[in-house]
Amino acid sequence: MKVETRVSPNAPAAIGCYCHMAVIGNTGYISGQLPLNPSSMKIEAITATEQAEASLANLLAILEDNNLDKNAVAKTTIFLSDMSNFADVNTVYSNFFGEHRPARSCFSVKGLPMNALVEIEAIVSL
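If you use my numbering, the sequence shown corresponds to residues 845 to 970, in order.
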(Lines of atoms letter the chains of each structure in order from A; the text may use other names.)
(Lines give C-alpha, C1' and ligand atoms only; values in the text may rest on other atoms or scores of the structure.)
Protein backbone atom coordinates (compact mmCIF):
# COMPACT_ATOMS: atom_id res chain seq x y z
CA MET A 845 0.00 0.00 0.00
CA LYS A 846 1.35 3.41 -0.98
CA VAL A 847 1.94 6.13 1.61
CA GLU A 848 0.49 9.51 0.65
CA THR A 849 2.10 12.58 2.24
CA ARG A 850 0.15 15.77 2.83
CA VAL A 851 1.31 19.28 3.63
CA SER A 852 -1.10 21.69 5.29
CA PRO A 853 -1.05 25.32 4.11
CA ASN A 854 -2.43 26.62 7.42
CA ALA A 855 -0.08 24.86 9.85
CA PRO A 856 3.50 25.84 10.63
CA ALA A 857 5.97 24.65 8.01
CA ALA A 858 7.95 21.56 8.92
CA ILE A 859 11.21 22.32 10.72
CA GLY A 860 12.71 19.02 9.59
CA CYS A 861 12.33 16.29 7.00
CA TYR A 862 8.67 15.34 7.49
CA CYS A 863 5.16 16.05 6.23
CA HIS A 864 2.19 17.23 8.27
CA MET A 865 0.27 14.01 7.69
CA ALA A 866 1.07 10.63 6.19
CA VAL A 867 -1.92 8.63 4.96
CA ILE A 868 -2.11 4.87 4.59
CA GLY A 869 -5.52 3.55 3.60
CA ASN A 870 -8.14 5.20 5.82
CA THR A 871 -5.70 6.24 8.54
CA GLY A 872 -3.81 9.52 8.86
CA TYR A 873 -0.73 10.00 11.02
CA ILE A 874 -0.27 13.64 11.99
CA SER A 875 3.28 14.64 12.87
CA GLY A 876 3.97 16.14 16.28
CA GLN A 877 2.80 19.73 16.45
CA LEU A 878 4.96 22.21 18.29
CA PRO A 879 3.40 25.42 19.62
CA LEU A 880 4.74 27.43 16.69
CA ASN A 881 3.00 30.51 15.37
CA PRO A 882 2.42 29.59 11.69
CA SER A 883 3.26 33.14 10.55
CA SER A 884 6.42 33.83 12.52
CA MET A 885 7.56 30.19 12.89
CA LYS A 886 8.47 31.04 16.48
CA ILE A 887 7.22 29.80 19.82
CA GLU A 888 5.44 32.85 21.19
CA ALA A 889 3.45 31.06 23.90
CA ILE A 890 5.28 31.07 27.23
CA THR A 891 3.41 28.76 29.60
CA ALA A 892 2.63 25.08 29.10
CA THR A 893 -1.05 26.03 29.00
CA GLU A 894 -0.48 28.51 26.17
CA GLN A 895 1.81 26.09 24.35
CA ALA A 896 -0.78 23.29 24.56
CA GLU A 897 -3.38 25.66 23.10
CA ALA A 898 -1.01 26.58 20.25
CA SER A 899 -0.09 22.95 19.53
CA LEU A 900 -3.76 21.97 19.42
CA ALA A 901 -4.57 24.94 17.17
CA ASN A 902 -1.92 23.67 14.74
CA LEU A 903 -3.38 20.16 14.95
CA LEU A 904 -6.83 21.58 14.22
CA ALA A 905 -5.48 23.46 11.18
CA ILE A 906 -4.20 20.19 9.74
CA LEU A 907 -7.51 18.47 10.45
CA GLU A 908 -9.51 21.25 8.82
CA ASP A 909 -7.18 21.43 5.80
CA ASN A 910 -8.04 17.75 5.28
CA ASN A 911 -11.81 18.27 5.75
CA LEU A 912 -11.73 16.59 9.17
CA ASP A 913 -12.73 17.67 12.64
CA LYS A 914 -11.74 16.74 16.19
CA ASN A 915 -14.01 13.69 16.12
CA ALA A 916 -11.73 12.07 13.52
CA VAL A 917 -8.93 11.85 16.10
CA ALA A 918 -8.53 8.26 17.30
CA LYS A 919 -5.35 8.66 19.37
CA THR A 920 -2.97 11.36 20.48
CA THR A 921 0.47 11.31 22.00
CA ILE A 922 1.54 14.24 24.14
CA PHE A 923 5.18 14.94 24.85
CA LEU A 924 5.99 17.19 27.82
CA SER A 925 9.40 18.54 28.73
CA ASP A 926 8.24 18.57 32.37
CA MET A 927 5.53 16.25 33.73
CA SER A 928 4.65 18.85 36.37
CA ASN A 929 2.76 20.58 33.52
CA PHE A 930 0.47 17.57 33.03
CA ALA A 931 -2.56 18.98 34.90
CA ASP A 932 -2.49 22.29 33.02
CA VAL A 933 -2.06 20.60 29.64
CA ASN A 934 -4.78 18.07 30.49
CA THR A 935 -7.23 20.90 31.19
CA VAL A 936 -6.51 22.52 27.82
CA TYR A 937 -6.73 19.13 26.09
CA SER A 938 -10.08 18.31 27.76
CA ASN A 939 -11.53 21.69 26.80
CA PHE A 940 -10.32 21.24 23.21
CA PHE A 941 -11.85 17.79 22.70
CA GLY A 942 -15.00 18.32 24.77
CA GLU A 943 -17.06 15.12 24.90
CA HIS A 944 -14.81 13.34 22.39
CA ARG A 945 -12.26 11.18 24.20
CA PRO A 946 -9.58 9.77 21.87
CA ALA A 947 -7.09 7.25 23.19
CA ARG A 948 -4.02 9.04 24.53
CA SER A 949 -0.51 8.57 25.82
CA CYS A 950 1.57 11.21 27.57
CA PHE A 951 5.32 11.08 28.03
CA SER A 952 7.87 13.23 29.79
CA VAL A 953 10.89 13.74 27.56
CA LYS A 954 14.30 15.24 28.16
CA GLY A 955 13.81 17.92 25.54
CA LEU A 956 11.72 18.98 22.57
CA PRO A 957 12.69 20.82 19.38
CA MET A 958 13.06 24.59 19.78
CA ASN A 959 12.93 24.11 23.58
CA ALA A 960 9.16 23.69 23.47
CA LEU A 961 7.31 22.56 26.58
CA VAL A 962 4.64 20.63 24.64
CA GLU A 963 4.34 18.63 21.42
CA ILE A 964 1.21 16.75 20.31
CA GLU A 965 0.81 14.17 17.53
CA ALA A 966 -2.31 12.32 16.41
CA ILE A 967 -3.69 9.35 14.52
CA VAL A 968 -6.93 10.06 12.68
CA SER A 969 -9.62 8.15 10.84
CA LEU A 970 -10.24 9.46 7.33
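Just so you know, even glycine gets a beta-carbon here, dropped at the ideal spot from N, CA and C.
Straight-line CA distance for M865 to F930? 26 Å
Minimum length 3: unbroken beta strand (DSSP E) runs contained in the stretch 890-938: 917-924
Kindly indicate the opening and closing residues of the beta strand (DSSP E) around S852. Neither: S852 is in no beta strand (DSSP E) and is coded neither H nor E.
Any chance the stretch 913-931 sits against the stretch 946-953, with 3 or more Cβ pairs inside 8 Å? yes
Which residues in the same chain as N881 place their Cβ atom closer than 6 Å to its Cβ, once the five residues preceding and following it in sequence are excluded? E888
Does DSSP put M958 in a helix, a strand or coil? Of the three classes helix, strand and coil, the one that applies to M958 here is helix, per DSSP.
Residues in its own chain within less than 8 Å of N870 by CB, not counting five upstream and five downstream? Taking C-beta separations shorter than 8 Å and ignoring five residues to either side along the sequence, the partners of N870 in its chain run S969 and L970, following chain order.
Between which two residues does the beta strand (DSSP E) carrying I874 extend? T871 to Q877
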